[in-house]
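Take the sequence shown: its letters are residues 1 to 339, numbered as in UniProt numbering.
Where is the CB? At the ideal position from N, CA and C, for every residue including glycine.
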Amino acid sequence: MDDADWKDWRWQVRNRIRSGRQLAELLKEAPIAAGSLRAVIRTYPFSITPYYFSLIREGDPDDPIRFQCVPDPREVSFSLGGVDDPLEESRDMPVPGLIHRYADRCLIMATSKCMMYCRHCNRKRRWKAGAADRAPLRAMIDYVAATPGIREVIVSGGDPLTLPEKVLDEFLGALRAIPHVEVLRIGSRIPVVLPMRITVPLVRILRKHRPLWFNTQFNSPREITPESAEACERLVDAGIPVSNQSVLLKGINDDYETMRRLLYGLQRISVRPYYLFQCDPVRGADHFRVDFWKGMEMMERISRQTSGLCLPRYVIDVPGGKGKMSLQTFSLLADSDIS
């Protein structure tokens with residue numbers, strides 16, 4: 001494998017790590033660990049790009065990059081509960097794959113496919129065998145066109161940047177052609193897990209459909225690499241603002257110093273820290289959840305010592321589909337009740 005192959009996103013896609021045996025060999029795991037991997041994979045499959053795997057510190061079982069991509073037996077222990085659809089997205093789905101929860105915007109799950117399956121994902125239920133890779137895009141376009149209150153469409157998944165370029169271009173174009181749709185938003189981890197996919201031709205397609213905003217998810221400062229910085233810079237230079245939506249994850253970013261380095265690093269590469277999400281109570285992600293009082297204490301300390309441009313909103317998606325709530329606001333209310 002030469003440098004040209006490594007930098008070719010197609011090579012990265014073809015050479016993703018997707019079998020338990022291959023993963024165990026690369027991690028140099030003992031046979032018993034390989035058996036544990038297989039038990040998890042039967043419930044929650046995995047896929048890791050060679051690029052993202054290369055960020056793992058060899059021999060460190062507590063590596064924050066490893067935690068996000070390598071299957072963990074705790075995913076199937078279900079010791080703390082959790083549910084498949086904690087946000088009850090299916091309740092607000094007038095057509096398959098489209099969530100219309102807020103009056104002025106909707107979210108489209110354009111595909112269930114990702115280049116890497118993040119182990120903390122709140123849509124793990126969609127990974128299961130037999131799930132359709134591609135959603136019925138035409139039905140979603142028709143719904144948006146028939147609903148004049150929708151001014152913003154969030155295109156998510158899965159990861160919409162796994163769609164063929166022609167399909168993505170036509171889909172975004174069809175949404176932009178709807179008179180009442182003013183803004184498009186893309187939700188994708190591609191800049192983090194496969195940054196070489198942010199090519200000049202792909203950015204040219206996205207640029208056509210502005211105003212378009214791009215939300216990604218860096219969770220560790222070690223994900224900010226020259227490659228991911230270049231991908232974000234390419235988007236920003238094309239007039240596409242990039243924002244970050246981190247998830248607060250135990251052992252990955254739940255301490256002051258790590259979070260501070262992450263936020264500073266994002267600002268340095270022109271990515272706006274937008275949200276810090278409390279990890280949802282999704283089945284198979286119990287071990288990632290952090291007590292929200294700890295999160296509030298950490299963010300309170302950061303807010304006292306960090307520029308406002310570096311500060312995300314710390315929020316929780318209230319279980320049961322009740323929308324987002326600011327945990328900083330909750331903290332202020334709790335303090336006033338105590339006093």
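- Contact between H120 and V40 does not hold, since the beta-carbon distance rounds to 14 Å and is not under 8 Å.
- In this model, F218 and Y143 are separated by some 32 Å (Cα to Cα).
- Beyond the five residues adjoining it in sequence on each side, E227 comes within less than 8 Å, by CB distance, of Y51, P195, M196 in the same chain, given in chain order.
- The C-beta separation of G82 from P221 comes to about 28 Å, leaving the pair out of contact by the 8 Å criterion.
- Assigned with DSSP and collapsed to three states, Q217 falls in coil, not helix or strand.
- Looking at K250, I48, M140, the one whose alpha-carbon comes closest to that of F171 is M140.
- When DSSP states are grouped into helix, strand and coil, C106 belongs to the strand group.
- L87 places its beta carbon 8 Å or farther from that of F53.
- Counting along the chain, the unbroken alpha helix (DSSP H) around I302 starts and ends at 292-305.
- Put simply, of L262, I224, S270, M259 the residue whose alpha carbon is nearest the alpha carbon of I240 is S270.
- Boundaries for Y44: no alpha helix (DSSP H) harbours it, and the DSSP string shows neither H nor E there.
- Per the DSSP secondary-structure output, F277 pairs in a beta bridge with V247, V315.
- Taking the Cα of I224 as reference, the smallest distance to any Cα among R268, E182, R210 is reached at R268.
- If you check the CB distance, S36 and C114 do not come in under 8 Å.
- Our two residues, E300 and V318, have alpha carbons roughly 21 Å apart in a direct line.
- The residues A34, L37, R38, I41, in chain order, have a CB closer than 7 Å to that of G20 in the same chain once the five nearest residues on each side in sequence are set aside.
- Taking C-beta atoms as the reference points, L263 and C310 count as a pair closer than 8 Å.
- With contacts defined as CB atoms closer than 8 Å, Q305 and Y274 fail to qualify as a contacting pair.
- Annotated as proximal: G157 and S112, with beta-carbon spacing under 8 Å.
- Classified as buried, A285 has 16 or more neighbouring CB atoms from the shown chains inside 10 Å of its CB.
- Taking 3 residues as the minimum length, the beta strand (DSSP E) runs contained wholly in the segment 131-180 are 152-156, in order along the chain.
- H100 sits in a strand when the DSSP states are folded into three classes.
- Burial is judged here by how many other beta carbons sit within 10 angstroms of a residue's own beta carbon; Q68 has at least 16 and is buried.
- H180 and A145 have their alpha carbons spaced roughly 8 Å apart.
- Only residues of its own chain outside the window of five on either side were considered, and among them D280, V282 have a CB closer than 6 Å to the CB of N122, listed in chain order.
- Between the alpha carbons of V242 and A4 lies a distance of about 27 Å.
- DSSP places G187 within a strand segment (E or B) once states are collapsed to three.
- Closest in C-alpha terms to I205, from the list E230, L235, E182, comes L235.
- Per DSSP, the beta bridge partners of S326 are V315.
- The three-state reading of DSSP puts L37 in helix, counting H, G and I together.
- The distance from the Cβ of V70 to that of L23 is about 7 Å, consistent with a contact at the 8 Å cut-off.
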